[in-house]
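**Student:** Heads up, the sequence shown is in this note's numbering, so the first residue is 674 and it goes up one at a time.
Heads up, the beta-carbon is just placed ideally off N, CA and C, and yes, glycines get one too.
Computed from a predicted structure; not experimentally measured.
Take this structure first; my questions come after.
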Amino acid sequence: MLVSRTSLFAAMLTLAAIAGIASASAQDDIRKRGDKACGHDSRRMCSKFFGDDMQVLACLQNNKVRLAKSCHKFLTDIGQLN
């Protein structure tokens, strides 16, 4: 199943917008960083949830011990892992 990069991290963009990041360029930066950091993990572990962005995020959180270091750091940096 092919899913666009935009939809993979829409949940993260939503969270960033809620946190007060309003500019389109900031959201685009988060999307790019998220795809680079977590795209592989999302496809490998969470593809069955594609189409439900909050479920993808929950899946990544539930698999935090299996995440690549870059994905773990990214999710921690945006306040989605502790």
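Which residues in the same chain have their Cβ closer than 6 angstroms to the Cβ of Leu754, if we skip the five residues on either side of it in sequence?
**Tutor:** Counting only Cβ-Cβ distances below 6 angstroms, and skipping sequence neighbours, we find Lys737 and Leu748.
**Student:** Is the distance from the Cβ of Asp714 to the Cβ of Leu730 below 8 angstroms?
**Tutor:** Result no, Cβ atoms of Asp714 and Leu730 do not sit closer than 8 angstroms.
**Student:** Around the Cβ of Ala710, are there at least 16 other Cβ atoms within 10 angstroms (buried) or fewer (exposed)?
**Tutor:** buried
**Student:** I'd like to know whether the C-beta atoms of Met718 and Arg739 end up nearer to each other than 8 angstroms.
**Tutor:** Yes, Cβ-Cβ distance for Met718 and Arg739 is below 8 angstroms.
**Student:** I'd like the ranges of any alpha helix (DSSP H) spanning at least 4 consecutive residues and lying wholly in the stretch 687–735.
**Tutor:** Correct list: 697–719 and 726–735.
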